[in-house]
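Participant: Mapped onto the working numbering, the consecutive letters of the sequence shown carry residue numbers 303 to 355.
The beta-carbon is built from N, C-alpha and C at its ideal position, and this holds for glycine as well.
This structure is a prediction, so every number in the text was calculated from the model and none was measured.
Questions regarding the structure given below will be posed in turn.
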Amino acid sequence: EGFNQKNTEKILREDLGIDTEKYGISYMVAFGYRVNEPRPKTRRPLDEIVSYK
Numbered sequence: 303e304g305f306n307q308k309n310t311e312k313i314l315r316e317d318l319g320i321d322t323e324k325y326g327i328s329y330m331v332a333f334g335y336r337v338n339e340p341r342p343k344t345r346r347p348l349d350e351i352v353s354y355k
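In structure tokens:
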């Protein structure tokens with residue numbers, strides 16, 4: 303799952319006074335529990351996507 307980089311940088315700039323031209327986001331780590339349940343994985347069987355010639 304990703305994050306909205308522009309919104310996050312806006313918060314860093316406006317609320318925390320961080321110069322986002324000089325400093326960027328290296329890592330985004332989430333702690334705690336998800337608000338919503340994750341969607342089930344949709345994986346196709348290997349023989350549908352791989353062929354041997």
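Alpha carbon to alpha carbon, how far is P347 from S353? Give it in angstroms, no decimals.
Facilitator: Rounded to whole angstroms, S353 to P347 spans 12 Å at the Cα level.
Participant: Report yes or no: do the region 324 to 331 and the region 304 to 314 share at least 3 C-beta pairs separated by less than 8 Å?
Facilitator: Flag = yes, the region 324 to 331 and the region 304 to 314 touch.
Participant: Take G319 and list the residues in its own chain whose beta-carbon comes closer than 6 Å to its own, dropping the five residues that flank it on each side.
Facilitator: None.
Participant: Could you check how far apart the C-beta atoms of E311 and T322 are, in whole angstroms? I think they sit under 8 Å.
Facilitator: That pair is a contact at about 5 Å.
Participant: Between which residues of its own chain and R341 is the CB-CB distance below 6 Å, once the five residues before and five after are set aside?
Facilitator: Excluding residues within five positions, none has a Cβ falling inside 6 Å.
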